[in-house]
Ligand code: PEP
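Numbering (this note's numbering), first residue to last: 38 to 285.
(1) Are at least three pairs of beta-carbons, each pair with one atom in the stretch 218-236 and one in the stretch 276-283, less than 8 Å apart?
(2) For residue 153 versus residue 104, is the C-beta spacing smaller than 9 Å?
(3) Between the stretch 81-94 and the stretch 140-149, do at least 3 Cβ pairs fall closer than 8 Å?
(4) Identify, in the order they occur along the chain, each residue of the same chain with its Cβ nearer than 8 Å to the Cβ of residue 53, setting aside the five sequence neighbours on each side.
(5) With a threshold of 16 other CB atoms inside 10 Å of the CB of residue 119, please say whether the residue is buried or exposed.
(6) Our contact map puts residue 165 next to residue 204 with C-beta atoms below 8 Å; I'd like the distance itself, whole angstroms only.
(7) Say the cut is 8 Å; is the CB of residue 131 nearer than that to a heavy atom of ligand 1?
(8) Put residue 124 into one of helix, strand or coil per three-state DSSP.
(9) Below 9 Å between beta carbons: does that hold for residue 244 and residue 47?
(10) Between residue 263 and residue 220, is the Cβ-Cβ spacing less than 9 Å?
(11) Taking residue 96 as part of the beta strand (DSSP E), name the residues at either end of that continuous run.
(12) For the beta strand (DSSP E) containing residue 243, name the first residue and the last one.
(13) Could you check where the alpha helix (DSSP H) with residue 183 kicks off and where it finishes?
(14) Out of curiosity, what's the CA-to-CA distance linking residue 253 and residue 271?
(15) Return the first residue and the last residue of the alpha helix (DSSP H) that residue 58 is part of.
(16) I'd like to check one pair, residue 76 with residue 148: are the Cβ atoms closer than 9 Å?
(17) Do residue 73 and residue 43 count as a contact pair if the criterion is CB distance below 9 Å?
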């Protein structure tokens, strides 16, 4: 059975002062929780995560990465740098990056490769817009996003990724996919993984993201192909994040 994994995506939030309290409260509240957990924080806070979280069950990671390894790329952060700060995970292809930074699936695939090459785990985000869902094009949209990454990986590397299904219309809106809607898409994603590497499909966690909160986490996480959550807003409050971890 796949262990559950709950990952917080802090987005562009936090401060050195408030982070310490949040991180320490999360660690203190874990209290034997069975699910794995991690926080993906803005890059300037990675050193602080390393200082506070090293030796605890909470892993940490970044929210984006450059496709390049060092050089004249002003403003970029490369995978080797993230690895130096102990990151285990790097989110790639979040819908906010696809929308606001025009990242396409080919670029997301290159980012996933860069993360893997530096020994970390990419959390590959896929998800349909409201227009795509209403046009009945969900399967096609998320299918193409995942395939772009799977095609770039060698077969063995498929087992080293995490996938996150995040319907764009559910992110930060308070509107979550129903457990059945999410399970449908997760089953499709699992089948795509299986077509590429049957063994990997059994172990790769597929997380749901999009307004997951304490009130809906249990039902979403009870679905057979929902292996955890990628949590935005609710990851900024220790109490809510811990409640989701306990629901897993
Ligand atoms: C996210 O940004 O990955 C996310 C799922 O956000 P929220 O939980 O706030 O919808």
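All residues carry an ideal CB built from backbone N, CA and C; glycine is no exception.
Every value quoted in this text rests on a predicted model; they were computed, and no experiment measured them.
Let me spell this out:
(1) no
(2) The sequence position of residue 153 within the chain shown is 116, counting from 1. The sequence position of residue 104 within the chain shown is 67, counting from 1. For residue 153 and residue 104, no; Cβs fall outside 9 Å.
(3) no
(4) Indexing the chain shown from 1 puts residue 53 at position 16. If we look at residue 53 and ignore the five residues flanking it on each side, its Cβ neighbours are 82, 85.
(5) Walking along the chain shown from the start, residue 119 turns up at place 82. That one is buried.
(6) Start at 1 with the first residue of the chain shown, and residue 165 comes out as number 128. Start at 1 with the first residue of the chain shown, and residue 204 comes out as number 167. Their Cβ separation, rounded to whole angstroms, is 6 Å, which keeps residue 165 and residue 204 in contact under 8 Å.
(7) If you number the chain shown from 1, residue 131 lands on position 94. Correct: residue 131 has its Cβ closer than 8 Å to ligand 1.
(8) Your numbering for residue 124 matches position 87 in the chain shown. Residue state, collapsed to three classes: coil.
(9) Taking the first residue of the chain shown as position 1, residue 244 is located at position 207. Taking the first residue of the chain shown as position 1, residue 47 is located at position 10. Contact flag unset, no.
(10) For the purposes of this step, residue 263 is identified with residue 226 of the chain shown, where counting begins at 1. For the purposes of this step, residue 220 is identified with residue 183 of the chain shown, where counting begins at 1. A contact, by the Cβ cut-off of 9 Å.
(11) The residue labelled residue 96 in the question sits at position 59 within the chain shown. Looking at the DSSP string, the run of the beta strand (DSSP E) that includes residue 96 is 95-99.
(12) Counting from one through the chain shown, the residue named residue 243 turns up at place 206. Here the beta strand (DSSP E) through residue 243 covers 243-246.
(13) As a working mapping, residue 183 is identified with position 146 in the chain shown. Residues 175-189.
(14) Your numbering for residue 253 matches position 216 in the chain shown. Your numbering for residue 271 matches position 234 in the chain shown. Those two C-alpha atoms are separated by around 12 Å.
(15) Taking the first residue of the chain shown as 1, we reach residue 58 at position 21. That run of the alpha helix (DSSP H) goes 53-67.
(16) Here residue 148 corresponds to residue number 111 of the chain shown, with the count starting at 1. Here residue 76 corresponds to residue number 39 of the chain shown, with the count starting at 1. Their beta carbons are not under 9 Å apart, which means residue 148 does not touch residue 76 by this criterion.
(17) As a working mapping, residue 43 is identified with position 6 in the chain shown. As a working mapping, residue 73 is identified with position 36 in the chain shown. Their beta carbons are under 9 Å apart, which means residue 43 touches residue 73 by this criterion.
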